[in-house]
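One structure is given here, and the rest of the page talks about it.
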């Protein structure tokens, strides 16, 4: 981290580091003009060797500045040119959903899960109405305040509807977290609002079942699960889950995007009528597997796949060099 407590950036005094990710670092800071506490987010300077990193920073800033909802972290200011570029964001006093989940002894109460799920779906509906797809929903990117408000944070991999592709060495366009990625993202697609719907379903599944729907010894096994397997029924291990709620969650997690809820608002509408919702209204039968990945059963299979991927990459590299030589 570049800054220590007591140092200043503009008129903001650093209070503490909030962590560093693949392309950005964050700090809790105090505005010296009025005393308010904020969050500062700065691009990782090691990434400036790739010009597209600043374009991605600009895209995140543009996305943050168009959002103003109680369920989303707000942007307060943008400082693009004076020294290090940085964003000033709302500081949220709370803890991420992962930590909040781990505080429960035993299953999380149904009413708490429904409340969190309803808030998250409502915030997603707002994002999608603004043409924004988050694309990396997971418990670590959701903060829960002391009074129980759920807020979506970290728009570093978000997509703005109609935005052109950005490609840089540190992050792919289909970025996400394997446990929560939609099948279309795993297959290399950019994703759309229905991808966020799928991730919402996975988070809700974990909140209710106490585990993610697809587990494995490595990330390849997890990704293959999303493409090839059918999630176990939640009520098979937790009978107090209402059948209607299970149907809503599993419908959000349908493998084919066209078989899911078309919008997050449709999830909100169903959660609002859980007491009268017919669990049989949605087809939850096993879907046809997609993609070329197969579920990994052991290290040997993983290394075989890695070798095949490496050979393919090498072949593409050789072909690119040959074409370049021919065209010289």
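Numbering (my numbering), first residue to last: 443 to 770.
Ideal placement from N, C-alpha and C gives every residue a C-beta, glycine not left out.
The distance from the Cβ of residue 664 to that of residue 695 is about 14 Å, inconsistent with a contact at the 8 Å cut-off. Listed in chain order, the beta strand (DSSP E) elements of length 3 or more contained wholly in the segment 482-558 are 517-521, 528-532 and 536-538. The Cβ atoms of residue 481 and residue 531 sit closer than 7 Å to each other. The residues 642, 706, 709, 710 and 713, in chain order, have a CB closer than 7 Å to that of residue 563 in the same chain once the five nearest residues on each side in sequence are set aside. For residue 461, the enclosing beta strand (DSSP E) starts and ends at 454-462. Taking the CA atoms as reference points, residue 475 sits about 7 Å from residue 453. In chain order, 621 and 648 place their CB closer than 6 Å to the CB of residue 654, counting only its own chain and leaving out the 5 sequence neighbours on each side. With 16 or more other Cβ atoms inside 10 Å of its own Cβ, residue 583 counts as buried. The count of Cβ pairs closer than 8 Å, one atom from the segment 696-704 and one from the segment 717-732, reaches three, so the stretches are in contact. DSSP places residue 585 within a strand segment (E or B) once states are collapsed to three. In terms of Cβ geometry, residue 587 and residue 513 do not form a close pair [threshold 7 Å]. As computed with DSSP, residue 468 is found in a beta bridge with 461 and 483. If only uninterrupted alpha helix (DSSP H) runs of at least 4 residues are considered, those enclosed by the segment 618-666 are 625-628 and 635-651. As computed with DSSP, residue 575 is found in a beta bridge with 601.
A distance below 7 Å separates the beta carbons of residue 595 and residue 585.
Residue 559 has its alpha-carbon roughly 16 Å from the corresponding atom of residue 511. Distance from the CA of residue 636 to the CA of residue 598, rounded to the nearest whole angstrom, comes to 19 Å. Selection 462, 674 and 589 evaluated against residue 487 yields 462 as nearest (Cα-Cα).
The beta-bridge partner set that DSSP reports for residue 592 consists of 586. Taking a C-beta distance under 7 Å as the contact criterion, residue 733 and residue 669 qualify as a contact pair.
In this structure, residue 533 and residue 479 form a Cβ contact; the two beta carbons are roughly 5 Å apart against a cut-off of 8 Å.
In summary, residue 546 is exposed, with fewer than 16 beta-carbon neighbours lying within 10 Å of its beta-carbon over all protein chains present. Residue burial is scored here from C-beta neighbours: residue 541 has fewer than 16 other C-beta atoms within 10 angstroms and is therefore classed as exposed.
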